[in-house]
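S.K.: So that we are looking at the same thing, I have put the structure below in structure tokens.
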Amino acid sequence: MSGSSLTDDGSFMTRVVTIDGPAGAGKSTVARRLADRLGWRFLDTGALYRVVTLAALRRGVDLTSEAALGELVATLTVSLPPGGVFLDGQDVTQAIRTVEVTRSSRFVADSPSVRRRLNNWQRAFAADHDIVTEGRDQGTLVFPDAFRKYYLTASAEERARRRLAEYQARGESVSFEAVLRDHQERDARDAARALAPMKPADDATIIETTGSTIDQVVARLAEDIQRHLEQSSWGVEGARRLTS
Ligand code: DC
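Counting from 2, one number per residue, gives the positions in the sequence shown under the numbering used here.
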């Protein structure tokens, strides 16, 4: 349990940095790069919702049935080795990124039983590792006591441009207008839903990334984390790693 800290009651605590925000804000890339820099694990919670969605589509599960989604999620074996996503032993790293999975994921994200199970899974992941995690509800609901919390935003147009480039790199043909419309609909739904709405935690730092490169955003967060590591009871070990 290297890098973890012994608490007053003798238990170990791992460190969690949360990065929440809307689709296309750069959360995944930034979180992955930060985790690499810190030597911590990266947790992509969107990938978990996508895996459940993919499984539902493949098995013909009714996405509108809460009972069916609850049963489905209880049967899945998901693993997240660094850089990959496996469903029941099969590599689905690319398969979960299609436009179809993205569009259908909202049903799964709205399901209380799916959210409950995935929240438990996310907390279990953090029990073993120091992590940088990204999603919509990480700072608000899943890790309210996180070490540092960030909320990444960017203009709707910039986010759509970034996501379009990802689709194109994978050979999927979709228009800029369609991605922009999808994002606007998804953002509105994610922010308005009663269950785990997408919003910054009260103690999150808002990071506006329009016009910034990924390198600039990572550097800004790394500097902020370094400052807080140095000031905190976690000691300087993590901070040293960031600057090395
Ligand atoms: O970030 P993403 O596009 O990979 O997210 C996929 C879906 O999962 C999307 O519908 C939002 C949802 N999601 C969520 O509800 N809560 C999270 N913590 C992460 C993702």
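In this text, a Cβ means the ideal position worked out from N, Cα and C, and glycines have one as well.
1. Taking 6 Å as the cut-off, is the C-beta of R149 nearer than that to any heavy atom in the ligand DC?
2. Quick one: is the Cβ of R137 within less than 6 Å of any heavy atom of the ligand DC?
3. What are the boundary residues of the alpha helix (DSSP H) that includes I20?
4. Can you tell me whether DSSP reads R33 as helix, strand or coil?
5. Report buried or exposed for L230, applying the criterion of at least 16 other Cβ atoms within 10 angstroms of its Cβ.
6. Report the rounded CA-to-CA distance for T210 versus A26, giving the unit in angstroms.
7. Does the Cβ of A128 lie closer than 6 Å to at least one heavy atom of the ligand DC?
8. Out of E135, R104 and A202, point me to the one whose CA is closest to A36's CA.
9. Below 7 Å between beta carbons: does that hold for V93 and L119?
10. May I ask which residues mark the beginning and end of the beta strand (DSSP E) holding G136?
11. I need the straight-line Cα distance from A75 to P83, nearest angstrom please.
12. Exposed or buried, which one is S112 when buried takes at least 16 other CB atoms within 10 Å?
13. Which residue's Cα is closest to the Cα of T248: A128, R221 and Y151?
14. Keeping to the same chain, check which residues put their C-beta closer than 8 Å to that of T206; ignore five residues upstream and five downstream.
15. Report the rounded CA-to-CA distance for I20 versus V62, giving the unit in angstroms.
M.R.: Taking the coordinates as given:
1. no
2. yes
3. I20 -> not in any alpha helix (DSSP H); beta strand (DSSP E) instead, spanning V17 to D21.
4. Three-state result, R33: helix.
5. buried
6. 7 Å
7. no
8. E135
9. no
10. I132 to G136
11. 23 Å
12. buried
13. This structure cannot settle anything about residue 248, because the visible part of the chain is limited to 2 through 245.
14. R149, K150, Y151, Y152 and D225
15. C-alpha separation (whole angstroms): 31 Å.
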